[in-house]
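Just remember that the working numbering sits 1 ahead of the position in the sequence shown, which is counted from 1. Ideal Cβ placement from N, Cα and C applies to all residues, glycine included.
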Amino acid sequence: MNKNGTILVTGASSGIGAHCARALKKDGWRVFATARKPEDIRLLEDDGIEAFYLDYREPPSIAALVENVLSRTGGRLDALFNNGAYAQAGAVEDLSVDALREQFEANFFGWHDLTCRIVPIMRSQGHGRLVHCSSILGLVPVTYRGAYAASKHALEGLMLCMRAELAGSGIHVSLIEPGPVRSKIATNGLYWFRRHIDVENSVHRAAYQAQLARLEGGGRPSRLKLGPEAVYKVLHHALVNPRPRPHYVVTLPAKIGVAMKRFMPAAALYRLLATQA
Numbered sequence: 002m003n004k005n006g007t008i009l010v011t012g013a014s015s016g017i018g019a020h021c022a023r024a025l026k027k028d029g030w031r032v033f034a035t036a037r038k039p040e041d042i043r044l045l046e047d048d049g050i051e052a053f054y055l056d057y058r059e060p061p062s063i064a065a066l067v068e069n070v071l072s073r074t075g076g077r078l079d080a081l082f083n084n085g086a087y088a089q090a091g092a093v094e095d096l097s098v099d100a101l102r103e104q105f106e107a108n109f110f111g112w113h114d115l116t117c118r119i120v121p122i123m124r125s126q127g128h129g130r131l132v133h134c135s136s137i138l139g140l141v142p143v144t145y146r147g148a149y150a151a152s153k154h155a156l157e158g159l160m161l162c163m164r165a166e167l168a169g170s171g172i173h174v175s176l177i178e179p180g181p182v183r184s185k186i187a188t189n190g191l192y193w194f195r196r197h198i199d200v201e202n203s204v205h206r207a208a209y210q211a212q213l214a215r216l217e218g219g220g221r222p223s224r225l226k227l228g229p230e231a232v233y234k235v236l237h238h239a240l241v242n243p244r245p246r247p248h249y250v251v252t253l254p255a256k257i258g259v260a261m262k263r264f265m266p267a268a269a270l271y272r273l274l275a276t277q278a
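See the structure below:
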């Protein structure tokens, strides 16, 4: 993969996506990036990035994005980094079907739609990299994150099947599984939590109040929380290495979680994870 190729990065308004889009531009890629707010699109454009509107929950915006990008590249695209997502917090028993549908539209169905529009382009050119920013919660469960974890578990299963199906095509699929990384995902999730969770009438009211305090403060503080540059390091490997890995686990807590899942008895692991709300 030529590092001076073309790449589409979604969810580039802040956090991981914003950092990676700008780092890729600095490293010589022609970067197309997406955001939902006009002011975020302008900030990307000010940094020399070709930016477009995208909301994964709106299929017409996905179609328009692909058409606009391909019109600028002559119908080619070397890489796609699916990143845009949000985290719906709340106990599973408090999640409405509508809340789950919205979570999956943004975190799963939209990703599938965009990816499947890009795959024929990559097949025709004989190469491509599809990198998906999943989560450690796509591998292990944590209380009050059922909707988000379900969307990431679904993503893992879907894209690993696609990886097998693309064998020999020149198209490589990789999944990045970050643990705690500095971003706005916690504060952005506050809107969805308040929209869909009836805190006062839930049996989980006390736990929710503690979570609300953390969300309003930007998420759980942690000495082990890394910056988005940690994700860019593995994204770069997935894009340029001749043999990209299927999985890239980022941050020490995520690596510990993977190790525990592998070596601990399941019942003991789940008891421990239940204390990590």
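* Find out if the Cβ-Cβ distance for the pair Cys21, Leu236 is shorter than 7 Å. => As a working mapping, residue 21 is identified with position 20 in the sequence shown. As a working mapping, residue 236 is identified with position 235 in the sequence shown. Cβ atoms of Cys21 and Leu236: closer than 7 Å.
* Pick out the complete beta strand (DSSP E) segments inside the region 15 to 58, 3 residues or longer, and give them in chain order. => With a minimum length of 3 residues, the continuous beta strand (DSSP E) runs that stay inside the region 15 to 58 are 31 to 36 and 51 to 54.
* Do Gly18 and Asn84 have their C-beta atoms closer together than 7 Å? -> Position 17 of the sequence shown, counting from 1, holds the residue named residue 18. Position 83 of the sequence shown, counting from 1, holds the residue named residue 84. In this structure, Gly18 lies near Asn84, with their beta-carbon atoms less than 7 Å apart.
* To do: Classify Tyr249 as helix, strand or coil using the three-state DSSP reduction.
  => By 1-based counting over the sequence shown, the position of residue 249 is 248. Strand, per DSSP.
* To do: On the DSSP bridge assignment, give the partners of Ile8 in chain order.
  => For this step, residue 8 is matched to residue 7 along the sequence shown. Under DSSP, Ile8 forms a beta bridge with Val32 and Ala80.
* Asked: The alpha helix (DSSP H) with Val98 in it runs from where to where?
  -> For this step, residue 98 is matched to residue 97 along the sequence shown. Per DSSP, Val98 is one residue of the alpha helix (DSSP H) stretching across Val98 to Phe105.
* Asked: Do you know offhand how far Ala208's Cα is from Ile50's?
  -> On the sequence shown, position 207 is the one that residue 208 refers to. On the sequence shown, position 49 is the one that residue 50 refers to. For Ala208 and Ile50, the gap between their C-alpha atoms comes out near 42 Å.
* Give me whichever residues DSSP pairs with Pro179 in a beta bridge. => Position 178 of the sequence shown, counted from the first residue, corresponds to residue 179. Bridge partners of Pro179: Val251.
* Near His113, what residues of its chain come up, given a Cβ to Cβ distance below 8 Å and the 5 sequence neighbours on each side ignored? -> On the sequence shown, residue 113 is found 112 positions in, with the first residue counted as 1. Cβ within range, chain order: Leu159.
* Asked: When the Cα atoms are used, what is the spatial distance from Leu161 to Ile119?
  -> Residue numbering aside, residue 161 sits at position 160 when the sequence shown is read from its first letter. Residue numbering aside, residue 119 sits at position 118 when the sequence shown is read from its first letter. Across the structure, Leu161 and Ile119 are spaced so that their CA atoms are roughly 17 Å apart.
* Endpoints, the beta strand (DSSP E) within which His130 is located -> Here residue 130 corresponds to residue number 129 of the sequence shown, with the count starting at 1. Correcting the residue type first, residue 130 is Arg in the shown sequence and not His. First-last of the beta strand (DSSP E) with Arg130: Gly129 to Cys134.
* **Same chain, Cβ closer than 8 Å to Phe110, neighbours up to 5 away in sequence not counted** => Stepping through the sequence shown from its first residue, residue 110 is reached at position 109. Tyr57, listed in sequence order.
* Evaluate the contact criterion for the region 164 to 181 versus the region 121 to 137: three or more CB pairs, one atom per stretch, below 8 Å. => They touch, by the three-pair rule.
* Asked: Going by beta carbon distance, what residues of the same chain come within less than 6 Å of Leu1, once the five residues before and after it are set aside?
  -> Outside the displayed span of the chain (2 to 278) sits residue 1, for which this structure offers no information.
* From what residue to what residue does the alpha helix (DSSP H) around Arg73 run? -> Numbered from its first residue, the sequence shown carries residue 73 at position 72. Per DSSP, Arg73 is one residue of the alpha helix (DSSP H) stretching across Pro60 to Thr74.
* To do: Return the CA-CA distance between Tyr233 and Ala24, expressed in angstroms with no decimal places.
  => Taking the sequence shown and counting its residues from 1, the one referred to as residue 233 is at position 232. Taking the sequence shown and counting its residues from 1, the one referred to as residue 24 is at position 23. So the alpha carbons of these two residues sit roughly 8 Å apart.
* Going by the beta-carbon positions, is the gap between Ser135 and Leu176 smaller than 7 Å? -> Within the sequence shown, residue 135 is the residue found at index 134, counting from 1. Within the sequence shown, residue 176 is the residue found at index 175, counting from 1. Taking 7 Å as the Cβ cut-off, Ser135 and Leu176 qualify as a contacting pair.
* Measure the C-alpha to C-alpha separation of Pro181 and Ala255 and round it to an integer number of angstroms. => Here the question's residue 181 lines up with position 180 in the sequence shown. Here the question's residue 255 lines up with position 254 in the sequence shown. Pro181 and Ala255 have their C-alpha atoms some 8 Å from each other.
* Does the beta-carbon of Lys26 have 16 or more other beta-carbons within 10 angstroms, so that it is buried, or is it exposed? -> Indexing the sequence shown from 1 puts residue 26 at position 25. The residue is buried, with at least 16 neighbouring Cβ atoms inside 10 Å.
* Hey, Arg183 and Lys226: beta-carbon distance below 7 Å or not? -> The count along the sequence shown starts at 1 and reaches residue 183 at position 182. The count along the sequence shown starts at 1 and reaches residue 226 at position 225. Yes, the pair counts as a contact, with Cβ atoms nearer than the cut-off.
* Out of Thr7, Ala239, Leu191 and Leu240, which has the shortest C-alpha to C-alpha gap to Leu78? -> Translated into positions along the sequence shown, residue 78 becomes position 77. Ranking the options by Cα distance to Leu78, first place goes to Thr7.
* Asked: For Gly1, which residues of its own chain have a beta-carbon under 6 Å away from its beta-carbon, when the five flanking residues on both sides are left out?
  -> Given a span of 2 to 278 for the chain in the structure shown, any question on residue 1 remains unanswerable.
* Ordered along the chain, which non-local residues of its own chain (more than five positions away) have a Cβ less than 7 Å from that of Glu94? -> Residue numbering aside, residue 94 sits at position 93 when the sequence shown is read from its first letter. Counting only Cβ-Cβ distances below 7 Å, and skipping sequence neighbours, we find nothing.
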